[in-house]
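The sequence shown begins at 2 in our numbering and counts up by one.
Below you'll find the structure, written out as structure tokens, and then a few comments.
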Amino acid sequence: MTDWLQDTRYALRMLRRSPGFAAVAIAALALGIGANVSLFTVVRGVLLRPLPYDHPDRLVEVFTANPAKPAQHSPFSPQDLDDFRRQQDVFSSVGAFWYSAASSGKTLTGQGEPLHLETAFADSSFFQTLALSPSRGRAFLASEEVHGNDAVVLLSDHLWRSQFAADPDIVGKKISLDGSPFVVVGVMPRSFVFPARQVDLWLPLAQITNKEIPHIRSLRWIETVARLKPGVTMAQAASASSVIMKRLADQYPESNFDQSGGAEVVGLRQTIVGDVRPVLLALFAAVALVLLMACANLANLLLARGASRTREFAIRAALGADRGRLRRQALTESLVLTLLGGAAAFVIATWITSALLALSADSIPRPGEIHLDFAVVAFGVALSLATGLLIGAIPAMKLAAARMWDSLKAIGAATTGDVQHQRGRDLLIVAEVALACVLLVASSLVLKSLWKLTNTDAGFDATHVLTVELGLPMYKFSDPKTQRGPYVDELLRRVAAVPGVTVAGASKTLPLYGGGEPFGFKVTNSRGQQQEVTPTAGAFIVTQGYFEALKIPLVAGRTFTQADLAEKRMVVVLSHNLAQSLWPGENPVGKFVDFSKTARVQVIGVVGDVRSEGLNKPSGTAMYVPSSLAPRQKLDLFVRTAGDPLSVAGAVRQAIQQFEPDQAISNIAPLQQAVQETVAQPRFFSTVLTAFGAVALLLAALGIFGVISYNVRQRTREIGIRMALGASRGDVLAMVLAKAATLLAIGAAVGMAAALGAGRLLSGLLYGVGAADPQALLASVAILAAVAVSAAMIPALRATHVDPMVALRYE
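Here you go:
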């Protein structure tokens, strides 16, 4: 212990004597370790930290499987869920819930301005399955699963604090939702954000009556969360669940024909995390490469510093110090450096984590779980120690292995130890260039992917469009069937009359966000055959002016008119893909589709295809139904303006509130903002990865600069002799740059091979770009070569100004 303390004090004295070296080394370590600690904090919070429920590893979601659409997870119908619950024996409990950001909201009144609240619906088994208790009050009771006894509500922690000032006596009080009184029975914990972070309150599932959503076996809308019985695996549960669903498919062939694929059982964590796992793991790998590059740079610095201390160590060895003690001294110095850098890394990690969460634009799930804890601290300390051993091992071995006699007699001449040190530094630079090449190629691929994604034709024009999200006050209509249509028509008329507005239309959902309903129909196709069709993108409920507001091009026929809606005409508009799939080469206008035996609907027009599921998904087949035939409570207005959409936002809001003071406006923003949010995750990924690539490029440049500079200093006497014998400055410049070019070529070759493998790992995160995209590869090599040559040019030019007479006296 005494020896370690002495070595530590000596290491601190040596660092004080070289403040510049110490500052650079500690800063580099703090940045490298801090970035890794930050990414580990995010990865732990999202992927590793247990869900805030009892035995979360036993929580799953169950979906029905459609063999025609293996990638699609389907929920249950009420009848199928009842049958499933009765027949299953692998789950201790099965809870049911429903949430749709497009149509499950409620309007809070009596608390100031009407407020639209995101609402989830759940039964009492839902909370029992999660084994979760409210922070105040209680969850739903089984007796409250009956319509008429279900006027109870659970508040989110955020809503309780923001709208009710964290009233400690809120339980038992009544609030008004859609004009009806509900009793608050509890407040959920702050950590509870299921099934979505946006949910403000929970209502009993019994609130969804047959009037709101038809309770028929063919309509599947109820999602489940289940708890595995002890000892039951997910594979066993999936097998048992599949047997039940296939049995129901045989028993009810007309409604359950698409469930013959059985069932899928997916861990609850997986459904919550979604597709962010590969993104986070890729970023974690990238930041680990950056730390390796920082380690290589610091090892180079320590090697160069160690070369100047070779004689010091030789003298200490001559005075009796054994080689083990010398190695420990060198390792202690590197460990002291990394521990100091590690201490600063936690401050940097806090900043980087905050920046990542802000940059992610809510594309990272479970943000409330991302924070510093013991595991993160332990990871940071262990990483600091491992880094210290890594960067100190090679210099320690080389210093301790230096030949005493050669070191003592070496004055101004290059020794065998110098050559060995130089070889070690060259290998480290090759490794740095290779790692930088990997990160640059990855950055180039994701940047090109993002460019292609953001420049993809979505099928509509989002410029100069204002979106207004509304939840219609259905509770104010004595006869919703007859009053809803005129209400929407008048609302659109008033919005369209606002100065600066050119046209206004509406739909139940925003484009690019899915939301198409699974309407099926029968049609006589071009071969004269009866064909059952369900559009892949679904059916969209729209009003007059929708296509004009979004500038969705008209291909054939016409779009909806006011007369179509007012008279409730049985008409539809098809997307070009759907029309071509049904009647290739024919004019579909005037043809009919049959929703049922009594509902025959005429095709009046064909419009361009829209990427309804997102920019990274192909345009599916879609059908557009007039809102008069399928009215919905949720409505998104699309207001096309002559100029900046935000310039008319206030006037649009005022026009709506003058028409109906109790009309809640959930959100009002430019449509382009919503479009940008659909690519938030790839933009976040590409931005962070590009930042890491830039840091890697800088580290590689610094490494090459340091090695070439040291090489020039070591060869100053040789350069002087060459110039004295007639070598020109061009010859000296070429000689020095040849060294950099050799290191660059070897490193780039190794890096390109590794980058091709890394590209294949990234292929699932790319859009429209191959893993071996030649443009990305060539651009990466060109950038790396330009930076490397620039970094080597400074010491190379310095070498051309060596005075031969001074160099010959160089010691």
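In this text, a Cβ means the ideal position worked out from N, Cα and C, and glycines have one as well.
Can you check whether the CB of residue j is closer than 9 angstroms to the CB of residue i?
i: residue 205; j: residue 145; result: yes
i: residue 171; j: residue 78; result: no
i: residue 532; j: residue 573; result: no
i: residue 188; j: residue 161; result: yes
i: residue 764; j: residue 771; result: yes
i: residue 524; j: residue 592; result: yes
i: residue 756; j: residue 438; result: yes
i: residue 349; j: residue 704; result: no
i: residue 470; j: residue 504; result: no
i: residue 262; j: residue 242; result: no
i: residue 686; j: residue 289; result: no
i: residue 154; j: residue 194; result: no
i: residue 436; j: residue 701; result: yes
i: residue 92; j: residue 238; result: yes
i: residue 557; j: residue 594; result: no
i: residue 622; j: residue 582; result: yes
Give the secondary structure of residue i by DSSP, where H, G and I count as helix, E and B as strand, and everything else as coil.
i: residue 413; result: Note on residue 413: pLDDT 45, under 50, position unreliable in the model; no value is reported.
i: residue 418; result: Confidence in residue 418 is poor, its pLDDT being 46 and thus under 50, which makes the residue's placement too unreliable to answer from.
i: residue 244; result: helix
i: residue 120; result: strand
i: residue 18; result: helix
i: residue 406; result: Low confidence applies here, because residue 406 scores a pLDDT of 47, under 50, leaving its location unreliable and the question unanswered by this model.
i: residue 142; result: coil
i: residue 639; result: strand
i: residue 553; result: coil
i: residue 228; result: strand
i: residue 279; result: helix
i: residue 54; result: coil
i: residue 540; result: strand
i: residue 426; result: helix
i: residue 547; result: helix
i: residue 250; result: helix
i: residue 719; result: helix
i: residue 518; result: strand
i: residue 292; result: helix
i: residue 223; result: strand
Short of 8 angstroms in beta carbon distance, which residues of its chain neighbour residue i, apart from the five on each side in sequence? Order them along the chain.
i: residue 391; result: 296 and 300
i: residue 147; result: 207
i: residue 783; result: none
i: residue 496; result: 469, 502, 505, 638, 640, 653, 656 and 657
i: residue 766; result: 279, 280, 283, 447, 450, 683 and 686
i: residue 197; result: 100, 102, 119 and 121
i: residue 507; result: 489, 493, 543, 544, 546, 547, 628, 636, 637, 638 and 639
Leaving out five residues on either side along the sequence, give the residues of the same chain with a beta carbon under 6 angstroms from the beta carbon of residue i.
i: residue 105; result: 120
i: residue 796; result: 709, 710 and 713
i: residue 26; result: 299 and 338
i: residue 411; result: Bear in mind that the predicted position of residue 411 carries a pLDDT of just 49, short of 50, making it too unreliable to give a figure here.
i: residue 135; result: 187, 188 and 189
i: residue 95; result: 86, 225 and 227
Skipping 5 residues on each side, what residues in its chain have a beta carbon closer than 7 angstroms to that of residue i?
i: residue 455; result: 680
i: residue 9; result: 333 and 337
i: residue 6; result: none
Kindly say whether residue i, judged by its beta-carbon, lies nearer than 9 angstroms to any beta-carbon of chain D.
i: residue 467; result: Given the protein chain composition of this structure (a single chain), no chain D is represented.
Touching by the beta-carbon criterion (3+ pairs, under 8 angstroms), the segment 466-475 and the segment 738-757: no
Whole beta strand (DSSP E) elements within the segment 663-714, 3-residue minimum: 665-671
Complete alpha helix (DSSP H) runs within the segment 721-748 (minimum length 4 residues, chain order): none
Stretch pair the segment 355-364 + the segment 45-57: three plus CB contacts closer than 8 angstroms: no
3 or more residues per run - each beta strand (DSSP E) lying fully within the segment 567-623: 572-576, 593-595 and 601-608
At least 3 beta-carbon pairs within less than 8 angstroms: the segment 490-503 vs the segment 121-140: no
Segment contact flag, the segment 247-264 with the segment 29-44, C-beta cutoff 8 angstroms, min 3 pairs: no
Any 3 or more C-beta pairs closer than 8 angstroms across the segment 504-518 and the segment 604-622: yes
At least three beta-carbon pairs within less than 8 angstroms, the segment 54-61 to the segment 263-279: yes
Meets three-Cβ-pair contact criterion under 8 angstroms: the segment 539-557 and the segment 673-688: no
Stretch pair the segment 222-238 + the segment 123-139: three plus CB contacts closer than 8 angstroms: yes
Segments of 4+ residues assigned as alpha helix (DSSP H) that fall wholly inside the segment 744-791: none
Touching by the beta-carbon criterion (3+ pairs, under 8 angstroms), the segment 555-574 and the segment 620-636: yes
Completely contained beta strand (DSSP E) runs for the segment 432-488, where each covers 3 or more residues: 466-472
In chain order, each alpha helix (DSSP H) run of at least 4 residues that lies wholly inside the segment 130-201: 158-165
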